[in-house]
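Visitor: Anchor point for the sequence shown: position 198 equals 201 in our numbering, and the numbering is continuous, going up by one each time.
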Amino acid sequence: MTDHADWQRRAADKRAAQLELIPPAWRLPAPSTSLLPSDVRDVPHTSGILSDAELVITEETDAQVVLDKISRGEWTSTAVATAFCKRAAIAQQLTNCLTEPLFDRALARAAELDAHFATTGCLVGPLHGLPVSLKEQFDIEGVESTMGFVSRIGHVSQDSAALVKVLESLGAVIHCRTNIPQALLSDESINNVFGRVLNPLNTALTAGGSSGGEAALLAMRGSPLGVGTDLGGSIRKPASFCGLYSLRPTSRRLPYAGASNTFDGAEALESVVGPMATSLESLRVFMRAVISAKPWEYDPRVVEREWDDELARARGDEGKKCFAVMHSDGLVRPQPPLERGMRELAEKLSAAGHEVVEWEPLDHAGAQELVSRIFDADGGEDVRRWIGNSGEPLLPQVFASQYPAMSLYESWQVSRAALSCALRRCGQLAHLASAPQLNKRRDAYRQRFLSTYLSTRNRPDAQTNRPIDAIICPMCPHLAAPHLDSPRPAGLITYTTVWSLLDLPCYTFPVGTVDPKLDPKPPPGAYEPMSDIDRDNWEVYSPERFERAPIVLQLVSPRRFREDELLGLGEVIERALSRA
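#1: Quick one: what's got a C-beta closer than 8 angstroms to Leu-507's C-beta in the same chain, skipping five residues either side?
#2: Just to confirm, are Leu-220 and Ser-226 a CB contact at a threshold of 8 angstroms?
#3: What is the C-beta distance between Gly-231 and Ile-238, in whole angstroms, given that I count them as a contact (C-beta under 8 angstroms)?
#4: Just to confirm, are Arg-90 and Pro-47 a CB contact at a threshold of 8 angstroms?
#5: Is DSSP giving Met-533 helix, strand or coil here?
#6: Would you mind sorting Thr-123 into buried or exposed? The rule is 16 or more other CB atoms within 10 Å of its CB.
#7: For the structure I just gave you, are there three or more beta carbon pairs, one from the segment 81-96 and one from the segment 40-59, closer than 8 angstroms?
#8: Could you tell me which uninterrupted alpha helix (DSSP H) segments, each at least 4 residues in length, are contained entirely in the segment 350-383, listed from first to last along the chain?
#9: Suppose you measure from the CA of Gln-416 to the CA of Val-153; what does that come to, to the nearest Å?
#10: Using CA atoms only, rank isn't needed, just tell me which of Gly-215, Asn-264, Ala-269 and Tyr-259 is closest to Ser-249.
#11: Pull up the distance between the alpha-carbon of Thr-165 and that of Asp-464, whole angstroms please.
#12: Find out if the Cβ-Cβ distance for the pair Ala-207, Phe-244 is shorter than 8 angstroms.
#13: Between Glu-307 and the rest of its own chain, which residues show a CB-CB distance below 7 angstroms, the 5 nearest in sequence each way excluded?
#14: Compute the Euclidean distance between the alpha carbons of Ala-8 and Glu-309, then round it to the nearest angstrom.
#15: Expressed to the nearest angstrom, what Euclidean distance is found between the alpha-carbon atoms of Asn-461 and Lys-324?
#16: Between Asp-190 and Lys-240, which are expected to be in contact by the criterion C-beta below 8 angstroms, what is the C-beta distance as a whole number of angstroms?
#17: Any idea what DSSP makes of His-434, helix, strand or coil?
#18: Which partner residues of Tyr-498 appear in the DSSP bridge assignment?
#19: Per DSSP, what kind of secondary structure is His-119 in: helix, strand or coil?
#20: Just verifying my parser: in three-state terms, what is the DSSP assignment at Ala-447?
#21: In chain order, what residues of the same chain have a beta carbon less than 7 angstroms from the beta carbon of Gly-515, not counting five sequence neighbours either side?
#22: Going by the beta-carbon positions, is the gap between Val-196 and Pro-340 smaller than 8 angstroms?
#23: Kindly indicate which three-state DSSP category Leu-482 falls into: helix, strand or coil?
#24: Starting from Ser-295, follow the alpha helix (DSSP H) in both directions and report where the run begins and ends.
#25: Exposed or buried, which one is Ala-111 when buried takes at least 16 other CB atoms within 10 Å?
#26: Using the C-alpha atoms, what's the distance from Val-401 back to Asp-539?
#27: Does the Cβ of Arg-444 lie closer than 7 angstroms to at least one heavy atom of the ligand NAP?
#28: Output needed for Gln-440: all residues of its chain with C-beta closer than 8 angstroms, excluding positions within five of it in sequence on either side, in chain order.
#29: Use the C-beta contact count for Val-69: other C-beta atoms within 10 angstroms, 16 or more gives buried, fewer gives exposed.
#30: Quick one: any contact between the segment 572-583 and the segment 259-269, if contact means 3 or more CB pairs under 8 angstroms?
#31: Could you pull the DSSP bridge partners for Lys-138 from this structure?
#32: With which residues is Met-279 paired in a DSSP beta bridge?
#33: May I have the straight-line CA-CA distance separating Tyr-301 from Ile-156, to the nearest angstrom?
#34: Apart from the five residues just before and just after Val-43, which ones in its own chain have a Cβ nearer than 6 angstroms to its Cβ?
#35: In angstroms with no decimal places, state the Cα-to-Cα distance between Ser-295 and Phe-141.
Printed below as a string of C-alpha cells:
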C-alpha cells in the first residue's frame, strides 16, 4: 500500500496532465473563475473563446437539427466538433465535469468524416459528425480509464467498449468522458482523482451522481448528447438536478459489454446504459440510431428487439391516454415545487383530453429494503481492492455521508439501519432475507406489480379499455441538494430504486422551475412527517435557496422494453405542457 503523500501526488499529477489537454486559447483567466456567479451557464457567451458561429452551433438543443445541418453541408463536422470541444473545455473549468478531454482525437475524427463526405457525398451513418460525450465508465482503446480510483491512474484500455464501437460505426465523434463518484456509489459526483462536480445552474448545489459530470456538461451545452449508466437512479438524478431529459432503458436493451464497473457481474439488479440530453428528440435520435446498428451483434446480452418509430412518434391522432399519478411513495413526501409540478401536469393532461388517475405505491418500503439487501451482497470486496491498492481514503460521500468513512459493507449497514428505522416508523419493514432468496423476492415483487398494473383495466369510470399507459411521479422527493458536506437529507432514493428493481423504462423531463411565490415553505405544524428522513427532507427546503432550480418529473412505463412507446408518451406530455 502506498502512503498518503504518494496517492495525493499521483492524483495531482493526473489533474495537471488533464489541464494540459485543454489548449491555452480555450482557458479562462484563473482569477475570473473565483468571481463568477453561482449560475455559470452564461460564461461561454462572455468568455470570448467561442465565435458567434460556434455559439449558434452549441446553443442548438436538438441533436437531429445538428445532424440535418451537417448532412445538408451547412455545418462541417470539424466546425461542430471544434465548437463543442471549446464549450466542453469551458464547462470543465467551471464545473469540473470531465475526466478525459479527447479534443485532438475528436478533431481528427471530424476531419476524416468531412473528407469522406466531400469525396463520396455520403454520410458514414445516422450520427455522422455528432459529438457525443460518455461517462467515464466507457473504455476507449488507448485512453486511460481511472473510474475515479487513484490506483487506476495509468490504466490504459486495451479495447473499446461495445457502445463506443457502435457509436463510432454510426459516425459519432466522441469528444470527452465525464466525471463520476468514487466507486459510482454516491449521488454526489466526487472522487480523489478529479475532485467534485459542480452544478452549473447553482454551483452551491450538487449535480447528482453517478452520471453527474455528464449532466453538468450537458447543462453547459458542452455536448449535444451524452451517455450515462443507471443502477439506482444514476442517470435520472443528475438529469433531474440539472434540468435535463434522460432515459433509463430496460436492462440489456443497450450494449454494456466492455464498460468498466463496480459490482461487475451482479444480476439481481443490473446497471443499464441510457442517453441524457437537452431535448426529448435527442433521446429518440440516440435510441433509434444505436438500435439500428444491431447492438446484439456487439454484446451478446442485448435483447434483439428493433426500435418502433411509430410508437416513438405519437402525433395528434394518438388518441386518449391514461396517466396514473403517484404523488408520494408513502415514505418521503416530495418538496412543494415537485408537488406543484405534478399537480399542474395532471391538470394540463386532463385539459388535453387524457385520463388521469391516482397510483398507490406498492410496498416501496419492502422494495427499498430488498434493494439495499442486494447492494449489500458484495460485502465491499470490489471497492476495497481498488482503494487498498493506492491507500486513498473512502470518501464520506459514498453511501452515508453523515457517518465516518468505513468499508463498503459497513457503510451499507449504516445506510440500511437508518432507512430501516424510518421504515419501521411506517410499520412497513420487510423481513430480511438471506442472499440466495434475493432473486426470488425480486421476482415475487415484480409479479405483484404486474398483477396490480393489469388490474387497472378494471378501474372505476375507465375511459379506455386497457390498463394505464404510464405512471407519473417525482424522480426524487427533493430538488438538487446542497453538496454532501452540507446539511441535507440522506437515503432518499426510493423514487428511483423501485423502478430499477422492477426493471422498467423511465423517462425524466423538466416541467418548470422553483418560484418562491408559488412554492412557499409550509408553516411549522402544517405537515406531520412520516419519519425522521421525511422531516429532514421538508426542513431542508427553502424557496429562496432553491429559486429557479429545475423541477423534473419521471414517467415510468409499466412494461419492460417499451422505450419507444415511453418516448411517444413523453411527446404527448410535451404537447400538453405547451398548451396555454
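Note that CB positions come from ideal geometry on N, CA and C, so glycine has one too.
Just so it is clear, the structure is predicted and the values come from calculations on it, not from any experiment.
Guide: Put simply:
#1: As a working mapping, residue 507 is identified with position 504 in the sequence shown. When the five nearest sequence neighbours on each side are left out, the beta carbons in the same chain lying within less than 8 angstroms of the beta carbon of Leu-507 are those of Thr-253, Val-559, Ser-560, Pro-561, Arg-562 and Arg-563, in order along the chain.
#2: Sequence index remark: in the sequence shown, residue 220 carries index 217 (1-based). Sequence index remark: in the sequence shown, residue 226 carries index 223 (1-based). In contact: Leu-220 and Ser-226 (Cβ atoms closer than 8 angstroms).
#3: Translated into positions along the sequence shown, residue 231 becomes position 228. Translated into positions along the sequence shown, residue 238 becomes position 235. Indeed they touch by this definition, with Cβ atoms about 4 angstroms apart.
#4: Stepping through the sequence shown from its first residue, residue 90 is reached at position 87. Stepping through the sequence shown from its first residue, residue 47 is reached at position 44. Arg-90 is a Cβ neighbour of Pro-47, given a cutoff of 8 angstroms.
#5: Here residue 533 refers to the residue found at position 530 when the sequence shown is read from its first residue. It is coil, neither helix nor strand.
#6: Locating residue 123 in the sequence shown gives position 120, counting from the first residue. Looking at its Cβ environment, which holds fewer than 16 other Cβ atoms inside 10 Å, Thr-123 is exposed.
#7: In the pairwise beta carbon analysis, the segment 81-96 is classified as touching the segment 40-59: at least three pairs are separated by under 8 angstroms.
#8: Unbroken alpha helix (DSSP H) stretches of 4 residues or longer found wholly inside the segment 350-383: 367-379, given in chain order.
#9: As a first step, residue 416 must be located in the sequence shown, where it is residue number 413. As a first step, residue 153 must be located in the sequence shown, where it is residue number 150. Low per-residue confidence applies at Gln-416: pLDDT is 40, beneath 50, and the placement is therefore not dependable, though the value from the model is reported in the following sentence. Cα to Cα, the separation comes out at about 25 angstroms.
#10: Within the sequence shown, numbered from 1, the residue matching residue 249 stands at position 246. For Ser-249, the nearest C-alpha among the options comes from Gly-215.
#11: Position 162 of the sequence shown, counted from the start, is the residue given in the question as residue 165. Position 461 of the sequence shown, counted from the start, is the residue given in the question as residue 464. It is worth fixing the name first, because residue 165 is Ala in this sequence and not Thr. Cα to Cα, Ala-165 sits roughly 48 angstroms from Asp-464.
#12: By one-based count along the sequence shown, residue 207 stands at place 204. By one-based count along the sequence shown, residue 244 stands at place 241. Taking 8 angstroms as the Cβ cut-off, Ala-207 and Phe-244 do not qualify as a contacting pair.
#13: Here residue 307 is taken as the residue at index 304 of the sequence shown, counted from 1. Close CB contacts of Glu-307 within its chain, under the 7 angstroms cut and outside five residues either way in sequence, are with Trp-299 (chain order).
#14: Here residue 8 corresponds to residue number 5 of the sequence shown, with the count starting at 1. Here residue 309 corresponds to residue number 306 of the sequence shown, with the count starting at 1. Just so you know, the alpha carbons of Ala-8 and Glu-309 end up roughly 52 angstroms apart.
#15: Translated into the one-based positions of the sequence shown, residue 461 becomes position 458. Translated into the one-based positions of the sequence shown, residue 324 becomes position 321. The C-alpha of Asn-461 lies about 15 angstroms from the C-alpha of Lys-324.
#16: In the sequence shown, counting from the first residue as 1, residue 190 sits at position 187. In the sequence shown, counting from the first residue as 1, residue 240 sits at position 237. Asp-190 to Lys-240, Cβ: 5 angstroms. Contact.
#17: What you label residue 434 is simply residue 431 of the sequence shown in a count that begins at 1. With a pLDDT of 38 at His-434, under the threshold of 50, the modelled position of that residue is not reliable, and the figure given next carries that caveat. In the three-state DSSP reduction, His-434 falls in the coil class, being neither helix nor strand.
#18: Position 495 of the sequence shown, counted from the first residue, corresponds to residue 498. Looking at the DSSP assignment, Tyr-498 forms no beta bridge with any residue, so it has no partner.
#19: Counting from 1 along the sequence shown, the entry for residue 119 is found at position 116. The answer is helix: DSSP assigns His-119 an H, G or I state.
#20: In the sequence shown, counting from the first residue as 1, residue 447 sits at position 444. It is helical.
#21: Sequence index remark: in the sequence shown, residue 515 carries index 512 (1-based). Non-local beta-carbon contacts of Gly-515 in its own chain, meaning distances under 7 angstroms to residues more than five positions away in sequence, involve Gly-344 and Ile-554 in chain order.
#22: As a first step, residue 196 must be located in the sequence shown, where it is residue number 193. As a first step, residue 340 must be located in the sequence shown, where it is residue number 337. Using a Cβ distance threshold of 8 angstroms, Val-196 and Pro-340 do not count as a contacting pair.
#23: Residue 482 sits at position 479 when you count from the first residue of the sequence shown. Leu-482 sits in coil when the DSSP states are folded into three classes, being neither helix nor strand.
#24: Numbered from 1 along the sequence shown, position 292 holds the residue referred to as residue 295. Per DSSP, Ser-295 belongs to the alpha helix (DSSP H) from 283-295.
#25: As a first step, residue 111 is located in the sequence shown; it is residue number 108 there, counting from the start. Exposed, since its Cβ has fewer than 16 Cβ neighbours within 10 Å.
#26: On the sequence shown, residue 539 is found 536 positions in, with the first residue counted as 1. On the sequence shown, residue 401 is found 398 positions in, with the first residue counted as 1. So the alpha carbons of these two residues sit roughly 19 angstroms apart.
#27: Within the structure as shown, the ligand NAP is missing, as the structure has no ligands at all.
#28: As a working mapping, residue 440 is identified with position 437 in the sequence shown. None.
#29: Here residue 69 refers to the residue found at position 66 of the sequence shown. By the 10 Å Cβ count, Val-69 comes out buried.
#30: Because the criterion of three Cβ pairs below 8 angstroms is not met, the segment 572-583 and the segment 259-269 do not touch.
#31: Against the sequence shown, residue 138 aligns to sequence position 135. Partner(s): Thr-181.
#32: Counting from 1 along the sequence shown, the entry for residue 279 is found at position 276. Per DSSP, Gly-229 and Ser-249.
#33: Position 298 of the sequence shown, counting from 1, holds the residue named residue 301. Position 153 of the sequence shown, counting from 1, holds the residue named residue 156. Each residue's alpha carbon lies about 28 angstroms from the other.
#34: The residue you call residue 43 lines up with position 40 of the sequence shown. For Val-43, the CB contacts under 6 angstroms within the same chain, skipping 5 residues up- and downstream, are Leu-97 and Pro-203 in chain order.
#35: Here residue 295 refers to the residue found at position 292 when the sequence shown is read from its first residue. Here residue 141 refers to the residue found at position 138 when the sequence shown is read from its first residue. Rounded to the nearest angstrom, the two C-alpha atoms are 20 angstroms apart.
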